[in-house]
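Take a look at the structure below.
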Amino acid sequence: MTPRKPFVFIRHGQTDWNLQRKAQGSTDIPLNETGRAQARAAVELLRPLGLTRVAASPLGRARETAEILAEGLGISGITLEPDLREAGFGVLEGTPWSESFAAFYAGTLIPEGGESFVDFQARTLLGLRRALQDEGLPLIVAHGGVWKALRGALDIRPRGVAPNCVPLSLRPQAESWIVEGDLELEAS
């Protein structure tokens, strides 16, 4: 059971593969200069929220984003949470986004050398549970796929894509979660 506590989610800053619309998955692609600038700019958006700690995926693009944010916010250290790493897309990593990824997120495709969406979503929820254990308001720094796994499992509304380095504040309400922040809404 995931604790019903508020948290803030932010997707890592931009990478060159984001620009090229390539699937990164567990491949450790670094931030580019735009991604670093996005993280520095996000500090001002996060400052008024009263964040108390930072938990991040260990992949370099999320870890570096988290380090920039924590330093800018005056939060000492970050907690690396291995279960918040991006999905393992196997042979699809480094390829352009395609219909294969819709099939992955629908649970109808397990890429060769990758993981199933069901396993990925379960892993992501374990990571979120650990990140929400302590008191205070945590910042979760992770990936676009982690956002998709969370929003499905937690019935997060509205449904949308998490842009690079845009904070999304989440709070529980009744049986679902409310999101405040700028989502790129998906056509459906």
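Everything in the sequence shown is counted per my numbering, starting at -13 for the first residue and increasing by one. Glycine is no exception: its CB is placed at the ideal position from the N, C-alpha and C atoms. Bear in mind that the values here come from a model prediction, so they are computed numbers and not experimental data.
Less than 9 Å separating the beta-carbons of ILE61 and ALA25? Here residue 61 refers to the residue found at position 75 when the sequence shown is read from its first residue. Here residue 25 refers to the residue found at position 39 when the sequence shown is read from its first residue. It is not a contact, given that the beta carbons lie outside the stated cut-off.
Where the beta strand (DSSP E) containing ILE64 begins and where it ends: As a working mapping, residue 64 is identified with position 78 in the sequence shown. Run containing ILE64: none; DSSP gives neither H nor E here.
Under the assumption that LEU112 contacts ASP69 (Cβ atoms under 8 Å), give the Cβ distance between them as a whole number of angstroms. Reading the sequence shown from its first residue, position 126 is the one you call residue 112. Reading the sequence shown from its first residue, position 83 is the one you call residue 69. With a Cβ gap of about 5 Å, LEU112 and ASP69 count as contacting.
What residue range is occupied by the uninterrupted alpha helix (DSSP H) comprising PHE(-7)? As a working note, residue -7 is residue 7 in the sequence shown. Here PHE(-7) belongs to no alpha helix (DSSP H); instead the beta strand (DSSP E) covers -7 to -3.
Can you say whether GLU101 is buried or exposed, counting buried as having 16 or more other CB atoms within 10 angstroms of its CB? Along the sequence shown, read from residue 1 onward, the residue named residue 101 stands at position 115. Buried is the label assigned to GLU101, since at least 16 other Cβ atoms lie within 10 Å of its Cβ.
Please report the residue range of the beta strand (DSSP E) in which ALA41 lies. Your numbering for residue 41 matches position 55 in the sequence shown. Boundaries of the beta strand (DSSP E) around ALA41: 39 to 42.
Can you say whether VAL192 is buried or exposed, counting buried as having 16 or more other CB atoms within 10 angstroms of its CB? Summary: the structure shown does not reach residue 192, with the chain confined to residues -13 through 174, and so no result is reported for it.
Buried or exposed for THR94, going by 16 or more other Cβ atoms inside 10 Å? For this step, residue 94 is matched to residue 108 along the sequence shown. Answer is exposed; the Cβ neighbour count stays below 16.
DSSP has PRO82 in a bridge; who is on the other side? Along the sequence shown, one-based indexing puts residue 82 at 96. DSSP lists LYS8 as the bridge partner or partners of PRO82.
If you drop the 5 nearest sequence neighbours on each side, which residues of the same chain put their C-beta closer than 7 Å to that of LEU185? Because the chain here runs from -13 to 174, residue 185 falls outside it and cannot be looked at.
If you count every other CB in all the chains shown that lies within 10 Å of the CB of SER84, and 16 or more means buried, which is it? Position 98 of the sequence shown holds residue 84. By the neighbour-count definition (other C-beta atoms within 10 Å, threshold 16), SER84 is an exposed residue.
Pull up the distance between the alpha-carbon of GLN159 and that of ALA41, whole angstroms please. Numbered from its first residue, the sequence shown carries residue 159 at position 173. Numbered from its first residue, the sequence shown carries residue 41 at position 55. Between the alpha carbons of GLN159 and ALA41 lies a gap of roughly 23 Å.
Within a Cβ cutoff of 8 Å, which residues of the same chain sit near ALA27, ignoring the five residues on either side of it in sequence? Residue 27 sits at position 41 when you count from the first residue of the sequence shown. Beyond the five residues adjoining it in sequence on each side, ALA27 comes within less than 8 Å, by CB distance, of CYS151 in the same chain, given in chain order.
Skipping 5 residues on each side, what residues in its chain have a beta carbon closer than 7 Å to that of LYS134? As a position in the sequence shown, residue 134 is number 148, starting the count at 1. Closer than 7 Å at Cβ, skipping near neighbours: TYR91.
Assuming ARG39 and PRO153 make a contact with CB atoms under 8 Å, what is their CB distance in whole Å? Taking the sequence shown and counting its residues from 1, one reaches residue 39 at position 53. Taking the sequence shown and counting its residues from 1, one reaches residue 153 at position 167. The C-beta separation of ARG39 from PRO153 comes to about 15 Å, leaving the pair out of contact by the 8 Å criterion.
Pairwise C-alpha distance: ARG143 and GLY167: As a working mapping, residue 167 is identified with position 181 in the sequence shown. As a working mapping, residue 143 is identified with position 157 in the sequence shown. GLY167 and ARG143: Cα-Cα distance of roughly 12 Å.
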